[in-house]
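Just so you know, we're using UniProt numbering here: the sequence shown kicks off at 1 and counts up by one.
Take a look at the structure set out below.
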Amino acid sequence: MKVVVVESPSKAKTINKYLGAGYEVLASFGHIRDLPAKDGSVDPDQDFKMLWEIDPQSQKRVNDIARAVKGADTLILATDPDREGEAISWHVLEALNEKKALKGQTIQRVVFNAITKQSVTEAMKKPREIDTALVDAYLARRALDYLVGFTLSPVLWRKLPGARSAGRVQSVALRLVCDRELEIEKFVAREYWSILAKLKTPRGDEFDARLVGADGQKFQRLDIGTGVQATDLKNMLEGASFTVTSVEAKPARRNPPPPFTTSTMQQEASRKLGFAPAITMRLAQRLYEGTDIGGETVGLITYMRTDGIDMAPEAITDIRSMIGKNYGKEYVPGSPRTYQNKSKNAQEAHEAVRPTSASRTPQEVARYVDKDQARLYELIWNRAVASQMESAELERTTVDIVAKNGARVAELRASGQVVKFDGFLTLYQEGQDEASDDDESKRLPAMSEKDALAKLAIEADQHFTEPPPRFSEAALVKRMEELGIGRPSTYASILQVLQDRGYVRIDKKRLIPEDKGRVVVGFLESFFHKYVEYDFTASLEEQLDKVSNNEIAWKKVLSDFWTDFIGAVNEIKEIRITQVLDALNDLLEPHIFPARADGAPVRQCPQCGNGQLSLKVGRFGAFIGCSNYPECNYTRQMTPGAASAQATRVLGQDPETGLDVTIRGGRFGTYLQLGEEIKAPKRKKGEKKDPDAPEPQKPKRASLPKGISADDVTLEQALAVLSLPREVGISPEDGQPILAGVGRFGPYVKHDKTYASLEEGDDVLTIGLNRAMHLIADKIANPKKGRRFGPAPGKTLGEHPDKGGPIVVKSGRFGPYVSNNGVNATLPADKTPDTLTLDEAIVLLDARAAALGNSPRGAKKPAKQAAPKKAATKADTAEDKPAVTAKAPAARKKPAAKAPAKPKKPAGKTNKKVTAAE
């Protein structure tokens, strides 16, 4: 009997079918050991000794494997063919050795790049030993990430309350996003003009030509910088004659892109399919592990974590054969295409991501997999097949035109492109990050030299330069790869962690840094600049790659890094919080102190006029406050735009009362108010009420309903909300009014004593009588509808493919969340229980499980043993110590003294709280 160990149960099931009798295939369910989430799991003073632990769930897997191995003669470790897969095999072997479960069994390591019967059976014939260099590279990365996280994060918590964590690569990726935002904020728009002539050929065909020069001067994009200059050139062209001076047609070839690596797959899936990198990897994992087709379970793509761009010779032969049959011989190049990776850090020795069989078309596969898997498979299939197709043949035409008006001469140019032979473009065209205004793809009409052209119109358009765009997920992955930051297997998890930590948010597919993320990056740039430098991070990645190539010892890399790093950490411990805030004020000034409309100094307090605004930190993060506190209590959020939402804004006057209608920010959100509050004047003790004093008055207030933006609310909408509850109509049954309003539990309609909540799509301001009566009748027929007796069961999305158990989306006290086996993950703001897919839920749960297992804050703390109580003496006072509360033990009472002259308090110490100042 031979025992085979793989990562996932679905992979185990498929391989078990391939191998048949004589083999037992078991799943480890990923990593079975990890570093405990506590300080000391990696000890630099003990030659970087690492302490591993097996959680209870993984212990069951180890026990199952140990029982199976007991009666076997061979243990085959068949985990994924990369660094993480090598590490999982090593962990399994180490755990079995610790249990003393191995007694003479043969240990083999096999790898395969695709889960097909041929690949698996061929791999079984070529066993090897565990690659210690790959394991060392894993250990080095894991130790580095642990040491940075557990050393730097506590510094953040002390110096920047509200900060979550810092990571070796995560922080550098966050810096990329924040640096781009700073570029945008510092950007100053520049005016420029473009001039376009609409012309017609002698044959009557119309086309456009751009002005590229005049009066002996060549124009670049920004050279026409004023309206005066543009008007002068436009007037000159209005009276000019136009003649073709040259027509040049050049043949061109466009070669196909190489097949996918991990990062290019993530980029294209983001651009073309709208998938987040984490979703792309989850879908690719399922395609790799395979599905049942015609009674046989087969893997549909090769291993998806790779930066290789070559393909196996047999795969290339298969693809070329398919191209000839399906598209024609003219689409097959004379010789197979080969690709060379230009990435300086490419080091994985795996194939590109490709279909396991080119004959398995997307149309066929779509019948056996879900919609999103089918879309990703089609993208992979198209890219791999196109990479072996003939080049596209193009003809690029450039027409130069001269315009003469008296002594003045101008030059214009028109360009276009014609596809003579589509080649690979018949199947695939690479996506672009940004929309292009290039007119190269336009086709020009036939023209000849010296043709006279008729003028139809001259257009002069004003433009302004735009700041660089925010990163999309695809663009950030591409930039990280260009800089050599991170590796194929880490991009998706890095982006997910940044969102989970609340450091960035995604809006319209763009990454926007949150205030807490900018503060963290500002802190790291100011005091740990070396460790968020792009070159330093890339250099460290290269050293780790050398470890995997057996060129350098992994502990030397750790030692060199740790010596400088711990020195920098020790230095920052001595820096006061005020120094940190001063540095952040300077670094983040364009963001937190933008130019004011009234021209006043940007840091002058708008409330007292004397104090200086400064960044401050509190329990829940950073905010802006006045230096004159407590005399001046002015505060606002970091982002000025967010602060403006909190400010009072007058929308207009109520036509009936003449009172101001204002929109304001409060503790519980944005609200509307009619008039101002009149408070009763304070009276001294014994002073009589002034009969002429105005009567106290509470203004009418109403919360801003969901769906109405604070920036877009109108006076009419505000008055309508303030007038609630409103009468919708009269019930025809009993003549009583039906009202609509907003209450403690949201918008409702009411008849007599029956309240019915409005449903999705209903508007409290416009709901009609028929709809209101329907909701009330439904509530009467179902009185328990909307009432909660215990938690709702939630909606089951499916089973977790790796960890088992149902995945359920539920509504909770703090919003909707998804749950599996005791792990709960909050839904992001752009997702609802109705739109959340199974794959998205799995990504959220896996990220949450990883955070709970690896984060110091998320880890479950062991139960503390009761310590002997000790009387508090004197509070420790230090600026960077967290508040600590100690309670002195109750003193033992002494007998009262006989016939005391005065009543005395019992002798001894009284209980009191001693608090250390922060």
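Glycine included, every Cβ here is placed at the ideal spot set by N, Cα and C.
Where residue i falls: helix, strand or coil (DSSP)
| i | result |
| --- | --- |
| Glu541 | helix |
| Tyr368 | coil |
| Asn255 | coil |
| Met50 | strand |
| Pro590 | helix |
| Asp535 | helix |
| Ser415 | strand |
| Ser526 | helix |
| Gln429 | coil |
| Thr635 | strand |
| Gly406 | coil |
| His350 | coil |
| Asp136 | helix |
| Tyr327 | helix |
| Phe424 | helix |
| Lys2 | strand |
| Leu144 | helix |
| Asp439 | Because Asp439 carries a pLDDT of 49, less than 50, the predicted location of this residue cannot be relied on, and no value is offered for it. |
| His774 | helix |
Pick from the options that is closest to residue i, judged by C-alpha positions
| i | options | result |
| --- | --- | --- |
| Lys2 | Asp55, Arg109, Ser8 | Arg109 |
| Arg190 | Arg175, Gly225, Ala166, Pro44 | Gly225 |
| Phe565 | Val580, Leu211, Glu473, His529 | His529 |
| Leu775 | Ser263, Val749, Arg726 | Val749 |
| Asn549 | Lys420, Asp82, Ala72 | Asp82 |
| Lys49 | Glu378, Leu144, Lys100, Pro154 | Leu144 |
| Thr264 | Gln673, Ala457, Ala492, Lys450 | Ala492 |
| Glu733 | Ala777, Phe593, Glu695 | Ala777 |
| Glu727 | Gln266, Gly741, Arg576, Glu542 | Gly741 |
| Met638 | His591, Pro655, Cys626 | His591 |
| Glu238 | Pro681, Ala403, Gly213 | Ala403 |
Beta carbon of residue i nearer than 7 angstroms to that of residue j
| i | j | result |
| --- | --- | --- |
| Arg701 | Tyr671 | yes |
| Asn820 | Leu845 | yes |
| Val298 | Thr79 | no |
| Leu613 | Ala622 | no |
| Val532 | Val172 | yes |
| Ile32 | Leu75 | no |
| Val6 | Ala27 | yes |
| Arg354 | Ala374 | no |
| Gln604 | Tyr634 | no |
| Val809 | Pro833 | yes |
| Asp560 | Ala847 | no |
| Val69 | Ala101 | yes |
| Pro202 | Asp422 | no |
| Asp64 | Phe150 | no |
| Lys159 | Val580 | yes |
| Gly611 | Asn628 | yes |
Distance between residue j and residue i (C-alpha atoms, nearest Å)
| i | j | result |
| --- | --- | --- |
| Ala386 | Pro251 | 21 angstroms |
| Glu631 | Gly746 | 39 angstroms |
| Ile522 | Val177 | Sequence inspection shows Gly at residue 522; the Ile mentioned does not correspond to that position. Rounded to whole angstroms, Gly522 to Val177 spans 12 angstroms at the Cα level. |
| Arg305 | Pro488 | 6 angstroms |
| Ile309 | Pro259 | 6 angstroms |
| Gly22 | Glu799 | 30 angstroms |
| Val188 | Lys371 | 45 angstroms |
| Val818 | Ile842 | 9 angstroms |
| Glu395 | Gln496 | 44 angstroms |
| Gly484 | Lys125 | 36 angstroms |
| Pro36 | Val42 | 9 angstroms |
| Arg282 | Gln267 | 15 angstroms |
| Asn326 | Ala278 | 34 angstroms |
| Thr132 | Arg221 | 56 angstroms |
| Glu206 | Gly213 | 22 angstroms |
Within-7 angstroms CB hit, residue i to chain D
| i | result |
| --- | --- |
| Lys11 | Annotation note: the requested chain D is absent from the structure, which comprises a single protein chain. |
Residue i Cβ short of 6 angstroms to the ligand MN heavy atom set
| i | result |
| --- | --- |
| Ile184 | Inclusion of the ligand MN in the displayed structure is not the case, the ligand content being empty and no account of it being possible. |
What are the start and end residues of each continuous beta strand (DSSP E) run of 3 or more residues lying completely inside the region 65-115, in chain order? 74-77, 106-109
My parser needs the beta strand (DSSP E) runs of 3 or more residues fully inside the region 211-282; what are they? 241-254
Report the residue ranges of all beta strand (DSSP E) runs contained in full by the region 158-204; include only those spanning at least 3 residues, in chain order. Within the region 158-204, the complete beta strand (DSSP E) runs of at least 3 residues fall at 191-200.
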